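There are 2 protein chains.
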Amino acid sequence: MIGIKEVASYYAPDRVSNYERMEKFGINESFIEKKIGIKNVRVTDKNISASDMCVLAYENLEKKIKLDRSTVECLIVITQNPDYNIPHTSAIVHGKLDMPESCACFDISLGCSGFVYGASVIKSFMEENGFRTGLLFTSDQYSRVIDPEDKNTSLLFGDAAAVTLFTDDPVYTLGKMSFGTIGKKYENLICRDGVLFMDGFEIFNFASGYVPVDFEKSLAANGITKDDIDCFMFHQGSKYIVDTLRKKLGLPQEKVVFDIEDYGNTVSSSIPVLLEKVMNNEEIKKIYISGFGVGLSWASGVLNRV
Amino acid sequence: MIGIKEVASYYAPDRVSNYERMEKFGINESFIEKKIGIKNVRVTDKNISASDMCVLAYENLEKKIKLDRSTVECLIVITQNPDYNIPHTSAIVHGKLDMPESCACFDISLGCSGFVYGASVIKSFMEENGFRTGLLFTSDQYSRVIDPEDKNTSLLFGDAAAVTLFTDDPVYTLGKMSFGTIGKKYENLICRDGVLFMDGFEIFNFASGYVPVDFEKSLAANGITKDDIDCFMFHQGSKYIVDTLRKKLGLPQEKVVFDIEDYGNTVSSSIPVLLEKVMNNEEIKKIYISGFGVGLSWASGVLNRV
Numbered sequence: 525m526i527g528i529k530e531v532a533s534y535y536a537p538d539r540v541s542n543y544e545r546m547e548k549f550g551i552n553e554s555f556i557e558k559k560i561g562i563k564n565v566r567v568t569d570k571n572i573s574a575s576d577m578c579v580l581a582y583e584n585l586e587k588k589i590k591l592d593r594s595t596v597e598c599l600i601v602i603t604q605n606p607d608y609n610i611p612h613t614s615a616i617v618h619g620k621l622d623m624p625e626s627c628a629c630f631d632i633s634l635g636c637s638g639f640v641y642g643a644s645v646i647k648s649f650m651e652e653n654g655f656r657t658g659l660l661f662t663s664d665q666y667s668r669v670i671d672p673e674d675k676n677t678s679l680l681f682g683d684a685a686a687v688t689l690f691t692d693d694p695v696y697t698l699g700k701m702s703f704g705t706i707g708k709k710y711e712n713l714i715c716r717d718g719v720l721f722m723d724g725f726e727i728f729n730f731a732s733g734y735v736p737v738d739f740e741k742s743l744a745a746n747g748i749t750k751d752d753i754d755c756f757m758f759h760q761g762s763k764y765i766v767d768t769l770r771k772k773l774g775l776p777q778e779k780v781v782f783d784i785e786d787y788g789n790t791v792s793s794s795i796p797v798l799l800e801k802v803m804n805n806e807e808i809k810k811i812y813i814s815g816f817g818v819g820l821s822w823a824s825g826v827l828n829r830v
Numbered sequence: 525m526i527g528i529k530e531v532a533s534y535y536a537p538d539r540v541s542n543y544e545r546m547e548k549f550g551i552n553e554s555f556i557e558k559k560i561g562i563k564n565v566r567v568t569d570k571n572i573s574a575s576d577m578c579v580l581a582y583e584n585l586e587k588k589i590k591l592d593r594s595t596v597e598c599l600i601v602i603t604q605n606p607d608y609n610i611p612h613t614s615a616i617v618h619g620k621l622d623m624p625e626s627c628a629c630f631d632i633s634l635g636c637s638g639f640v641y642g643a644s645v646i647k648s649f650m651e652e653n654g655f656r657t658g659l660l661f662t663s664d665q666y667s668r669v670i671d672p673e674d675k676n677t678s679l680l681f682g683d684a685a686a687v688t689l690f691t692d693d694p695v696y697t698l699g700k701m702s703f704g705t706i707g708k709k710y711e712n713l714i715c716r717d718g719v720l721f722m723d724g725f726e727i728f729n730f731a732s733g734y735v736p737v738d739f740e741k742s743l744a745a746n747g748i749t750k751d752d753i754d755c756f757m758f759h760q761g762s763k764y765i766v767d768t769l770r771k772k773l774g775l776p777q778e779k780v781v782f783d784i785e786d787y788g789n790t791v792s793s794s795i796p797v798l799l800e801k802v803m804n805n806e807e808i809k810k811i812y813i814s815g816f817g818v819g820l821s822w823a824s825g826v827l828n829r830v
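Residue numbers (this note's numbering), protein chains in the order written: chain A, 525 to 830; chain B, 525 to 830.
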């Protein structure tokens, strides 16, 4: 069965401090530390594209695991900030990494639910086609579409990429996944004319309302209860949304990860960058993952350590 | 097993005649009829988006088959001309069609190989997640990115959308699929600063060189020979490429479809719009489908009538 073997990530090195913007936005330390939980956001250099970030993440993967590129049969990029709309960014990454001509490549457009969707897509696509080695990239540079004067977005989003290696010799396999969409509310998080708009109130209400319902459905589909889960990885939108979900669901604080103080909300990379940190932790047997945001869209599921 | 139940399409109603542009581009009737095989290309009204074309295709689907929207579990849009880069166009289509909140939605970015990829992705994703009803949309408006003065592109591409219904009660099931990418050549077909560029010579050489090799590999993977195929549906890039492939592969003319005289090259919709026309033809038992272009990318496979 195809599952997750390894994860590597890349954060844009340049930091923009939220402390240095307190006066400009009329916020204080408490807002930064207790409400959003983001001290710095990461911003890519203007010469670095989504495909470049994928390549940099891949180079970090090769530092961890020996991988013969000629064995890669599938390469998917999840992005909403593609290098171009034509062609797909995955083809560009394929060329830059000198992957074999027999490698299947396509892009998926999704936001914060992207990694969970992508995990299900790549697993099923690989099994359908008899593939043994595949790469799922997530790469977004929201800094390119953020108005630095917009408090609702510029304090939150950070630029990063991740690459997740899927093989037939996995560390984590996928349990049952759950998906959903409220397309009618798509205008609550949208990029028009190159500028991102987010109705933070609506997005918070969506996440705090829908994710708990999905949580119960998802655990039931996997035939487990919340006590069976060793680690909860909710999309890292802000400290406030993760804290709210934790309290609503009655989860123990030590099992609920929040870890974006130095990066910001990295969209579809927010779950794989957390996953990377537990790949070598044998005590983490079952992980609950849940992404939600742009679309509006959500996806959740359980990862089981082999 | 999940497979194709029905197909419906939508062509932009406005035609631009290639005959009326003969003097401008220094071409003659023979070029139009024998070389490109495209008399008119279709151009969408500026107020019609990719999601609107999906909705129009879906309305045509509902004229053919009764479909309870509350049963749709999955909705994928393949496009390179999304309404926005954030959010995904599939969420907008979901909202416009009032699909259920439990419906999984995502976009795939691919060009002329998109339908073949998409068929494999939606089939495997649906089977993985136990879904019984899904919609695969293809929708592109290359007219939005074509320079009307560019002979290499403006005589060829036409705007259309298609929707392919996948269910567990299919008319055609998917055989083995084959995929490939030459990412290093991505600049041969690219949209920079809102304008499409195509190196027609390079794209022709790619297609006429790689597709025949893939053809043999694909038939072998399906354990059949070309004589077992009732209908060959190559991506309809131009008459010249389809004729070249037919001759190179020694295929009988009556089995090789060419049918874009009144529309143009509709990118990822070029195969499903052909498929629509044979859904009720019980004599067509095995279909070979092959898409190639942007990426550079190709994908092929066999459809088997149940």
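Just so you know, even glycine gets a beta-carbon here, dropped at the ideal spot from N, CA and C.
Note that this is a predicted model, so its numbers are computed, not measured.
Span of the beta strand (DSSP E) around residue i
i	result
residue 684 of chain A	684 to 691
residue 601 of chain B	598 to 602
residue 700 of chain B	696 to 705
residue 815 of chain A	810 to 817
residue 797 of chain A	Looking at the DSSP string, residue 797 of chain A is not in any beta strand (DSSP E); the run it does join, the alpha helix (DSSP H), is 794 to 800.
residue 714 of chain B	713 to 716
residue 757 of chain B	755 to 758
residue 770 of chain A	Segment 763 to 773 is the alpha helix (DSSP H) holding residue 770 of chain A; no beta strand (DSSP E) there.
Nearest neighbour of residue i, chosen from the options [CA to CA]
i	options	result
residue 684 of chain B	B/647, B/564, B/821, B/717	B/564
residue 750 of chain B	B/779, B/695, B/618, B/647	B/779
residue 729 of chain B	B/748, B/539, B/702, B/766	B/766
residue 576 of chain B	B/713, B/663, B/670, B/650	B/663
residue 754 of chain A	A/594, A/811, A/633	A/811
residue 706 of chain A	A/715, A/721, A/735	A/735
residue 571 of chain A	A/547, A/544, A/819, A/538	A/538
residue 590 of chain B	B/657, B/631, B/601	B/657
residue 877 of chain B	B/551, B/807, B/708	Any property of residue 877 of chain B remains undetermined from this structure, which presents chain B solely from 525 to 830.
residue 548 of chain A	A/809, A/678, A/752	A/678
residue 542 of chain A	A/675, A/698, A/610, A/744	A/675
residue 530 of chain B	B/651, B/686, B/555, B/667	B/686
Residue-level contact to chain A via CB, residue i, 8 Å cutoff
i	result
residue 687 of chain B	no
residue 690 of chain B	no
residue 796 of chain B	no
residue 525 of chain B	no
residue 697 of chain B	no
residue 672 of chain B	no
residue 615 of chain B	yes
residue 609 of chain B	yes
residue 694 of chain B	no
residue 818 of chain B	yes
C-beta atoms of residue i and residue j nearer than 8 Å
i	j	result
residue 655 of chain A	residue 597 of chain A	yes
residue 566 of chain B	residue 682 of chain B	yes
residue 527 of chain A	residue 796 of chain A	no
residue 817 of chain A	residue 761 of chain A	yes
residue 646 of chain A	residue 690 of chain A	yes
residue 792 of chain A	residue 636 of chain A	yes
residue 624 of chain B	residue 594 of chain B	yes
residue 829 of chain A	residue 809 of chain A	yes
residue 649 of chain A	residue 602 of chain A	no
residue 670 of chain B	residue 720 of chain B	yes
residue 799 of chain A	residue 710 of chain A	no
Residue range of the unbroken alpha helix (DSSP H) whose run includes residue i
i	result
residue 742 of chain B	724 to 745
residue 536 of chain B	Note, residue 536 of chain B: premise wrong, no alpha helix (DSSP H); not H, not E.
Spatial neighbours of residue i in its chain, beta-carbon cut-off 6 Å, leaving aside the 5 residues before and after
i	result
residue 770 of chain A	780
residue 794 of chain B	759, 760
residue 573 of chain B	607
residue 559 of chain A	764
residue 722 of chain A	676, 677, 713
CB contact below 8 Å: residue i versus chain B
i	result
residue 536 of chain A	no
residue 705 of chain A	yes
residue 719 of chain A	no
residue 725 of chain A	no
residue 577 of chain A	no
residue 708 of chain A	yes
residue 828 of chain A	no
Own chain residues within Cβ distance below 8 Å of residue i, not counting five before or after
i	result
residue 741 of chain A	702
residue 738 of chain A	702, 704, 814, 822, 824
residue 618 of chain B	599, 627, 629
Beta-carbon contacts of residue i that lie in its chain and below 7 Å, excluding the five residues immediately before and after
i	result
residue 584 of chain A	532, 533, 534
Residue i at chain C interface by Cβ criterion, 8 Å
i	result
residue 647 of chain A	The structure shown contains no chain C; its protein chains are A and B.
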